[in-house]
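There are 2 protein chains.
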Amino acid sequence: MTKLPACILNSDVLTACEGCLARDRSNEHLIAGLTCAKRNMESGQHLFVGSDEQLHVYLIRSGAVCLYKMLRGGRRQIVAFKFAGDFIIPAANGPHRFSAQAMTAVELRVFPLALFRAAASGDARFMARLHEIAVAELCKAYDLISILGHHDAEASVAAFLLDVDGRAALHVGGAGAVILPMLRTDIADYLGLTHETVSRVLTSFKRKGLIDVGRGRTVRIKERATLAALVGKAESAVSSGAR
Amino acid sequence: MTKLPACILNSDVLTACEGCLARDRSNEHLIAGLTCAKRNMESGQHLFVGSDEQLHVYLIRSGAVCLYKMLRGGRRQIVAFKFAGDFIIPAANGPHRFSAQAMTAVELRVFPLALFRAAASGDARFMARLHEIAVAELCKAYDLISILGHHDAEASVAAFLLDVDGRAALHVGGAGAVILPMLRTDIADYLGLTHETVSRVLTSFKRKGLIDVGRGRTVRIKERATLAALVGKAESAVSSGAR
DNA sequence: CGCTGAATTGACAATTCTCAATAGACGTGG
DNA sequence: CCACGTCTATTGAGAATTGTCAATTCAGCG
Numbered sequence: 000m001t002k003l004p005a006c007i008l009n010s011d012v013l014t015a016c017e018g019c020l021a022r023d024r025s026n027e028h029l030i031a032g033l034t035c036a037k038r039n040m041e042s043g044q045h046l047f048v049g050s051d052e053q054l055h056v057y058l059i060r061s062g063a064v065c066l067y068k069m070l071r072g073g074r075r076q077i078v079a080f081k082f083a084g085d086f087i088i089p090a091a092n093g094p095h096r097f098s099a100q101a102m103t104a105v106e107l108r109v110f111p112l113a114l115f116r117a118a119a120s121g122d123a124r125f126m127a128r129l130h131e132i133a134v135a136e137l138c139k140a141y142d143l144i145s146i147l148g149h150h151d152a153e154a155s156v157a158a159f160l161l162d163v164d165g166r167a168a169l170h171v172g173g174a175g176a177v178i179l180p181m182l183r184t185d186i187a188d189y190l191g192l193t194h195e196t197v198s199r200v201l202t203s204f205k206r207k208g209l210i211d212v213g214r215g216r217t218v219r220i221k222e223r224a225t226l227a228a229l230v231g232k233a234e235s236a237v238s239s240g241a242r
Numbered sequence: 000m001t002k003l004p005a006c007i008l009n010s011d012v013l014t015a016c017e018g019c020l021a022r023d024r025s026n027e028h029l030i031a032g033l034t035c036a037k038r039n040m041e042s043g044q045h046l047f048v049g050s051d052e053q054l055h056v057y058l059i060r061s062g063a064v065c066l067y068k069m070l071r072g073g074r075r076q077i078v079a080f081k082f083a084g085d086f087i088i089p090a091a092n093g094p095h096r097f098s099a100q101a102m103t104a105v106e107l108r109v110f111p112l113a114l115f116r117a118a119a120s121g122d123a124r125f126m127a128r129l130h131e132i133a134v135a136e137l138c139k140a141y142d143l144i145s146i147l148g149h150h151d152a153e154a155s156v157a158a159f160l161l162d163v164d165g166r167a168a169l170h171v172g173g174a175g176a177v178i179l180p181m182l183r184t185d186i187a188d189y190l191g192l193t194h195e196t197v198s199r200v201l202t203s204f205k206r207k208g209l210i211d212v213g214r215g216r217t218v219r220i221k222e223r224a225t226l227a228a229l230v231g232k233a234e235s236a237v238s239s240g241a242r
């Protein structure tokens with residue numbers, strides 16, 4: 000079994016890959032046959048679009064990226080936000096299912112997909128890691144489904160704020176404030192709302208004293224419990240009884 | 000490498016597992032250490048609920064099952080329908096994230112989760128199959144996200160009809176009609192609508208001549224292209240331009 | 001300092017939800 | 001075989017939320 004970098008083997012890679020690739024300066028080999036290149040992109044640039052062939056695995060070192068799909072009527076559905084430490088791994092063969100756009104300046108590590116897969120197919124541990132990552136994405140997807148199914152703007156935005164707040168990569172010093180790297184439009188396209196509605200809800204939260212909205216897209220959560228109540232911690236997978 | 004049953008190795012298992020387990024009568028060993036039991040359940044019964052420990056992998060031989068989660072306000076979000084040939088595989092450790100309820104009489108094959116995982120962890124091919132299944136579920140989840148993001152009842156119902164129509168397991172003889180094994184309420188809880196809205200949309204489709212709604216929850220699609228247009232085959236992952 | 005894109009706020013329209021009543025299907029039992 | 005009861009589906013009317021369109025304020029940047 001080949002030697003795998005910690006960033007691939009560790010269970011918590013999705014949120015923290017510091018220390019592992021931090022050591023790789025100038026494209027040194029991480030494991031036999033699996034190298035990564037550095038790439039930097041500016042805000043607004045696309046890593047790839049839906050029609051592109053899938054050729055790479057991306058690891059985000061810093062910044063924020065969104066994965067989206069264009070829907071009928073010009074509507075855009077963002078299916079995931081990716082932050083520092085997150086992987087973007089093509090799921091199947093063929094063209095990309097999504098487009099990936101940098102929402103801020105982004106620092107990337109890029110692995111050739113073919114090599115990545117070759118390394119995985121020969122190694123059950125690596126394969127298991129990939130599976131683990133896919134499962135984590137699946138859980139995220141189900142969370143988003145729950146949010147979209149709510150049909151409740153306040154609950155959606157509250158869930159979004161709590162989710163983002165849980166990502167260490169986005170915190171700024173001191174008062175526990177979070178930088179929202181995305182536009183109101185991006186939040187709206189993620190939650191299935193309009194940017195006006197997102198704005199209204201945030202203003203409403205601010206007025207109720209649940210959050211502080213500061214300069215530079217900074218948000219600080221003041222009443223976490225109240226937000227959680229809005230989301231409905233009553234959310235439960237338990238049956239409410241046979242039908 | 001152990002000998003694996005075709006139902007696990009084949010790529011198209013999610014929709015068709017006939018012929019593989021058809022041969023296993025009375026719990027014979029399928030591969031070393033991996034046996035399955037038969038179980039039958041009636042409509043309305045739960046395979047498991049969200050608080051249960053995850054102990055089994057299920058393969059549906061016949062019938063229909065839904066996976067759901069209860070949301071705040073008593074709202075129920077169905078995250079997936081499972082039909083004949085589909086697996087229900089616990090993703091992570093801990094309790095179930097969802098409840099699973101039989102929507103019709105169901106014939107099941109039940110594998111002990113521990114044995115299933117043991118077989119997988121030692122076998123890169125098996126692991127790869129599991130990954131493949133998870134990825135397929137992920138794609139389904141993203142499809143549902145796209146539907147829920149639409150915020151358009153007609154598009155949602157049209158997408159649902161076309162999706163269900165694509166599942167061979169649900170077709171009845173002759174005129175290409177499909178049996179919808181689920182209630183209007185189930186469809187609504189899947190699409191983030193109310194059963195009244197689902198009913199209204201179906202009636203509207205019927206009046207427009209897009210579908211026939213027959214006896215016994217039978218639906219026949221007459222104007223596939225029109226329904227597809229409603230969904231918006233314009234759906235695309237291609238960027239509409241840099242921002 | 002002014003320009004440009006983003007965010008906020010307002011007024012109104014549209015869709016869906018809620019509540020309610022009716023009609024239909026299915027199974028049971030007389 | 002029909003009547004009844006129950007569950008499901010349909011239909012209707014009104015309420016509520018969000019979307020749409022438009023105008024204004026704000027922030028960042030040259």
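Line by line, the protein sequences give chains A and B. As numbered in numbering that gives the first Met the number 0, residues 0 to 242 make up the first sequence, in order. As numbered in numbering that gives the first Met the number 0, residues 0 to 242 make up the second sequence, in order. C-beta atoms are modelled at their ideal positions from N, C-alpha and C, and glycine is treated no differently.
Exercise. What does Leu-147/B reach in chain A if we use C-beta pairs closer than 8 Å?
Worked result: Here residue 147/B corresponds to residue number 148 of the second sequence, with the count starting at 1. Going along chain A in sequence order, the residues near Leu-147/B (Cβ under 8 Å) are Ile-144, Leu-147, Gly-148 and Gly-191.
Exercise. With Glu-41/B and Ala-101/B assumed to form a contact (beta carbons below 8 Å), what rounded beta-carbon distance in angstroms separates them?
Worked result: Taking the second sequence and counting its residues from 1, the one referred to as residue 41/B is at position 42. Taking the second sequence and counting its residues from 1, the one referred to as residue 101/B is at position 102. Contact between Glu-41/B and Ala-101/B holds: their C-beta atoms lie close to 7 Å from each other, under 8 Å.
Exercise. Should Tyr-57/B be flagged as near chain A, meaning a C-beta pair shorter than 9 Å?
Worked result: Reading the second sequence from its first residue, position 58 is the one you call residue 57/B. So, not an interface residue.
For this session: Anything in the segment 73–95 of chain B with a Cβ closer than 8 Å to a Cβ of chain A? List those residues in chain order, please.
Result: So the list reads Gly-73, Arg-74, Arg-75, Gln-76, Val-78, Ala-90, Ala-91, Pro-94 and His-95, given in the order they occur along the chain.
Exercise. Beta-carbon separation of Asp-122/B and Ala-123/A under 9 Å?
Worked result: To locate residue 122/B, count along the second sequence from 1; it is residue 123. To locate residue 123/A, count along the first sequence from 1; it is residue 124. With contacts defined as CB atoms closer than 9 Å, Asp-122/B and Ala-123/A qualify as a contacting pair.
Problem set entry | C-beta neighbour in chain B for Val-212/A, strict 9 Å | Residue mapping note: residue 212/A aligns to position 213 of the first sequence, counting from 1. For Val-212/A, the nearest beta carbon of chain B is not closer than 9 Å to its own beta carbon.
Problem set entry | C-beta neighbour in chain B for His-170/A, strict 9 Å | Here residue 170/A corresponds to residue number 171 of the first sequence, with the count starting at 1. No, no contact with chain B.
Exercise. How would you label Leu-54/B, buried or exposed, when you count the other beta carbons within 10 angstroms and need 16 or more for buried?
Worked result: Here residue 54/B refers to the residue found at position 55 of the second sequence. Per the 10 Å Cβ criterion, exposed.
For this session: Go ahead and pull the three-state DSSP assignment for Met-102/A.
Result: In the first sequence, counting from the first residue as 1, residue 102/A sits at position 103. Annotated three-state conformation of Met-102/A is coil, per DSSP.
For this session: Please classify Val-156/B: is it buried, with 16 or more other beta-carbons within 10 angstroms of its beta-carbon, or exposed?
Result: Locating residue 156/B in the second sequence gives position 157, counting from the first residue. Counting the other CB atoms within 10 Å of its CB gives Val-156/B a total of 16 or more, which places it among the buried residues.
Exercise. Quick one: Cα of Tyr-189/B to Cα of Pro-111/B, how far?
Worked result: As a first step, residue 189/B is located in the second sequence; it is residue number 190 there, counting from the start. As a first step, residue 111/B is located in the second sequence; it is residue number 112 there, counting from the start. Going from the Cα of Tyr-189/B to the Cα of Pro-111/B covers about 29 Å.
Exercise. Who are the Cβ neighbours of Gln-76/A in its own chain at under 7 Å, not counting the five residues just before and after it?
Worked result: As a working note, residue 76/A is residue 77 in the first sequence. Result list for Gln-76/A: Tyr-67, Lys-68, Leu-70 and Asp-188, in chain order.
For this session: Check the Cβ of Leu-226/A against every Cβ in chain B and list those closer than 7 Å, keeping chain order.
Result: Working through the first sequence from its first residue, we reach residue 226/A at position 227. Identification of chain B residues near Leu-226/A by a Cβ-Cβ cut-off of 7 Å yields none; the smallest Cβ-Cβ distance measures about 13 Å.
For this session: Might you give, ordered along the chain, the residues of its own chain that have their beta carbon closer than 8 Å to the beta carbon of Leu-161/A, omitting 5 neighbours on each side?
Result: In the first sequence, counting from the first residue as 1, residue 161/A sits at position 162. The residues are Ile-220, Arg-223, Leu-226, Ala-227 and Val-230.
Exercise. With contact counted as at least three CB pairs below 8 Å, one residue from each stretch, are the segment 199–207 of chain B and the segment 87–94 of chain B in contact?
Worked result: With fewer than three CB-CB distances shorter than 8 Å, the segment 199–207 of chain B does not count as touching the segment 87–94 of chain B.
For this session: Return the Cβ separation of Gly-165/A and Thr-103/A in integer angstroms, given the expectation that the two are a contact with Cβ distance under 8 Å.
Result: Along the first sequence, read from residue 1 onward, the residue named residue 165/A stands at position 166. Along the first sequence, read from residue 1 onward, the residue named residue 103/A stands at position 104. Contact between Gly-165/A and Thr-103/A is ruled out by a C-beta separation of about 19 Å, above the 8 Å threshold.
For this session: Pull up the distance between the alpha-carbon of Thr-196/B and that of Ala-176/B, whole angstroms please.
Result: For this step, residue 196/B is matched to residue 197 along the second sequence. For this step, residue 176/B is matched to residue 177 along the second sequence. If I take the Cα positions, the gap works out to 22 Å.
Problem set entry | Met-181/B versus Arg-128/B: straight-line alpha-carbon distance, rounded | As a first step, residue 181/B must be located in the second sequence, where it is residue number 182. As a first step, residue 128/B must be located in the second sequence, where it is residue number 129. Spanning the alpha carbons of Met-181/B and Arg-128/B requires a straight line of approximately 29 Å.
For this session: State the start and end residues of the unbroken beta strand (DSSP E) segment that holds Ala-36/B.
Result: As a position in the second sequence, residue 36/B is number 37, starting the count at 1. That run of the beta strand (DSSP E) goes 36–40.
Exercise. In this structure, does DSSP put Glu-153/A in helix, strand or coil?
Worked result: Your numbering for residue 153/A matches position 154 in the first sequence. The answer is helix: DSSP assigns Glu-153/A an H, G or I state.
Problem set entry | Span of the beta strand (DSSP E), counted from its first residue to its last, around Leu-58/B | Within the second sequence, numbered from 1, the residue matching residue 58/B stands at position 59. Residue range 55–61 is occupied by the beta strand (DSSP E) that includes Leu-58/B.
For this session: Closer than 7 Å, Cβ to Cβ, to anything on chain A: give me those residues from the segment 192–206 of chain B, in chain order.
Result: Listed by position along the chain: nothing, the set is empty.
Exercise. Which first and last residues belong to the beta strand (DSSP E) in which Val-212/B is found?
Worked result: Start at 1 with the first residue of the second sequence, and residue 212/B comes out as number 213. Unbroken beta strand (DSSP E) run through Val-212/B: 210–212.
Problem set entry | Coarse secondary structure for Thr-202/B, derived from DSSP in three states | For the purposes of this step, residue 202/B is taken as residue 203 along the second sequence, with counting starting at 1. DSSP places Thr-202/B in helix when its eight states are reduced to three.
Exercise. Would the segment 132–140 of chain B and the segment 135–142 of chain A be scored as touching if the rule is three or more Cβ pairs under 8 Å?
Worked result: As far as the Cβ criterion goes, the segment 132–140 of chain B touches the segment 135–142 of chain A, which means the pair count is three or higher.
For this session: Note the first and the last residue of the continuous alpha helix (DSSP H) segment covering Leu-226/A.
Result: By one-based count along the first sequence, residue 226/A stands at place 227. 223–230 is the extent of the alpha helix (DSSP H) around Leu-226/A.
For this session: Determine the DSSP secondary structure at Arg-124/A, reduced to helix, strand or coil.
Result: The sequence position of residue 124/A within the first sequence is 125, counting from 1. Look at Arg-124/A here: in three-state DSSP terms it is helix.
For this session: Using a Cβ-Cβ cut-off of 9 Å, state whether Val-163/B counts as contacting chain A.
Result: Here residue 163/B refers to the residue found at position 164 of the second sequence. No, no contact with chain A.
Exercise. Taking 9 Å as the CB-CB cut-off, is Ala-174/A touching chain B?
Worked result: Numbered from 1 along the first sequence, position 175 holds the residue referred to as residue 174/A. Not closer than 9 Å to any Cβ of chain B, the Cβ of Ala-174/A fails to qualify, so no.
Exercise. Leaving out five residues before and five after Phe-97/B in sequence, what residues of the same chain have Cβ atoms less than 7 Å from its Cβ?
Worked result: Residue mapping note: residue 97/B aligns to position 98 of the second sequence, counting from 1. Residues Gly-49, Leu-66, Tyr-67, Lys-68 and Val-78 of the same chain have their beta carbon placed closer than 7 Å to that of Phe-97/B, with the five preceding and five following residues left out of the count.
Exercise. Can Glu-106/A and Arg-74/A be called in contact, C-beta distance under 9 Å?
Worked result: In the first sequence, the residue the question calls residue 106/A occupies position 107. In the first sequence, the residue the question calls residue 74/A occupies position 75. In this structure, Arg-74/A does not lie closer than 9 Å to Glu-106/A by Cβ.
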